[in-house]
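First to last, the sequence lines map onto chains A and B.
So for the first sequence, my numbering puts the first residue at 1; every next one is plus one.
So for the second sequence, my numbering puts the first residue at 1; every next one is plus one.
As C-alpha cells, the structure follows; a few thoughts come after it.
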Amino acid sequence: KAGVTQTPRYLIKTRGQQVTLSCSPISGHRSVSWYQQTPGQGLQFLFEYFSETQRNKGNFPGRFSGRQFSNSRSEMNVSTLELGDSALYLCASSSLPGTGGEQFFGPGTRLTVL
Amino acid sequence: DAKTTQPPSMDCAEGRAANLPCNHSTISGNEYVYWYRQIHSQGPQYIIHGLKNNETNEMASLIITEDRKSSTLILPHATLRDTAVYYCIVRALGETSGSRLTFGEGTQLTVNP
C-alpha cells in the first residue's frame with residue numbers, strides 16, 4: 001500500500017506570496033491532519049479534515065487554511081507569507097479520527113520564505 | 001490532553017536495550033499513551049500505544065506504571081537506525097479529540113556503535 005505523499009517536497013517563496021501544499025493520504029484513509037514543524041516551536045497541529053469538513057483547528061492565524069476533496073486528498077494554503085512561515089509542513093492520515101489508530105505521516109514539504 | 005515530560009537526550013550502545021522514560025502525572029482515566037519517533041528530517045513514525053496494560057509489538061515494548069503516571073518505551077536491541085527523536089504523547093480518543101496529536105520536545109536518542 002502506498003504511503004502518504006506530499007507535493008512539492010521543497011518550495012522557496014518570497015514574503016507576501018501565497019503557497020498551496022498538497023497531501024494524498026493512504027488509500028482508504030479519510031482523515032487528514034496538517035502540522036507545522038519549526039526549530040523554535042517544534043511540531044504544532046494546524047488542522048484536521050474528515051469527509052471534506054474541518055474537524056479541528058490549531059492556534060494559527062487565518063492566513064493558514066485548508067480543504068479536503070471528495071477523494072480525501074487535502075491541500076493547505078498559506079497566504080501573505082512571512083519569514084516565520086519557513087518550516088517543514090507535515091501531513092498525516094488515518095482511517096477514522098478519534099478511534100485511536102496510528103497516524104501515518106508523509107515526508108513533508110520544506111517551505112523556505114525569503 | 002495531559003502534559004508529558006521527557007529527558008531531552010539519551011545515549012545507548014548498539015545492541016543494548018534503550019529505555020526511554022516519560023512522565024505524565026496528570027493523565028486522565030480515558031487518555032492513552034502514544035509513542036512516535038522522528039528520524040532526522042522525516043515525518044514522525046508511530047511506534048506503539050497503550051491505556052494501562054503493557055504492550056509489545058515488533059518494534060518496541062511499552063510499560064505503563066500501575067498508577068499510569070509514567071511509562072517507559074523499551075527498544076530491546078537498539079541499532080544505529082533507531083537514532084531519532086522519540087515523542088511520548090498522551091491523548092484521549094473520541095469525537096472532540098479527533099486525530100490531533102500534541103507533541104512535546106521529545107527525547108533525542110543517540111545509538112552509538
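For every residue, glycine included, the Cβ atom is placed at its ideal position computed from N, Cα and C.
Only a predicted model underlies this, so the values are computations on that prediction, with no experimental measurement involved.
Cβ atoms of residue 22/B and residue 78/B: under 9 Å apart, would you say? Numbered from its first residue, the second sequence carries residue 78/B at position 78. Numbered from its first residue, the second sequence carries residue 22/B at position 22. No; because the gap between Cβ atoms is not below 9 Å, this pair is not in contact.
Listed in chain order, which residues of the segment 42–74 of chain B have Cβ atoms closer than 8 Å to some Cβ of chain A? Taking a C-beta cut-off of 8 Å against chain A, the contacting residues of the segment 42–74 of chain B are 42, 43, 44, 45, 46 and 49, listed in chain order.
With 16 other CB atoms within 10 Å as the buried threshold, where does residue 77/A fall? Within the first sequence, numbered from 1, the residue matching residue 77/A stands at position 77. Exposed, by the Cβ-count rule.
Under 9 Å, do residue 33/B and residue 90/B count as touching if we go by C-beta distance? Sequence index remark: in the second sequence, residue 33/B carries index 33 (1-based). Sequence index remark: in the second sequence, residue 90/B carries index 90 (1-based). Yes, the pair counts as a contact, with Cβ atoms nearer than the cut-off.
Looking at the unbroken beta strand (DSSP E) that takes in residue 57/A, where does it start and where does it end? Taking the first residue of the first sequence as 1, we reach residue 57/A at position 57. Following the DSSP letters along the chain, one finds residue 57/A inside the beta strand (DSSP E) bounded by residues 53–57.
Under 9 Å, Cβ to Cβ, is there at least one residue of chain A near residue 99/B? In the second sequence, the residue the question calls residue 99/B occupies position 99. So yes, residue 99/B belongs to the interface.
Distance, Cα to Cα, residue 68/A vs residue 53/A? Counted from its first residue, the first sequence places residue 68/A at position 68. Counted from its first residue, the first sequence places residue 53/A at position 53. Straight-line Cα distance between these residues: approximately 7 Å.
Taking 9 Å as the CB-CB cut-off, is residue 21/A touching chain B? Start at 1 with the first residue of the first sequence, and residue 21/A comes out as number 21. Taking Cβ atoms only, chain B never reaches closer than 9 Å to residue 21/A, which makes this a no.
Does any CB atom of chain A fall closer than 9 Å to the CB of residue 86/B? Taking the second sequence and counting its residues from 1, one reaches residue 86/B at position 86. For residue 86/B, the answer is no, since every Cβ of chain A falls outside 9 Å of its Cβ.
Does DSSP put residue 81/B in a helix, in a strand, or in coil? Reading the second sequence from its first residue, position 81 is the one you call residue 81/B. DSSP places residue 81/B within a helical segment (H, G or I) once states are collapsed to three.
Excluding the 5 residues flanking residue 63/B on each side, which residues of the same chain have their C-beta closer than 7 Å to its C-beta? In the second sequence, residue 63/B corresponds to position 63, counting from 1. 54, 71, 72 and 74, listed in sequence order.
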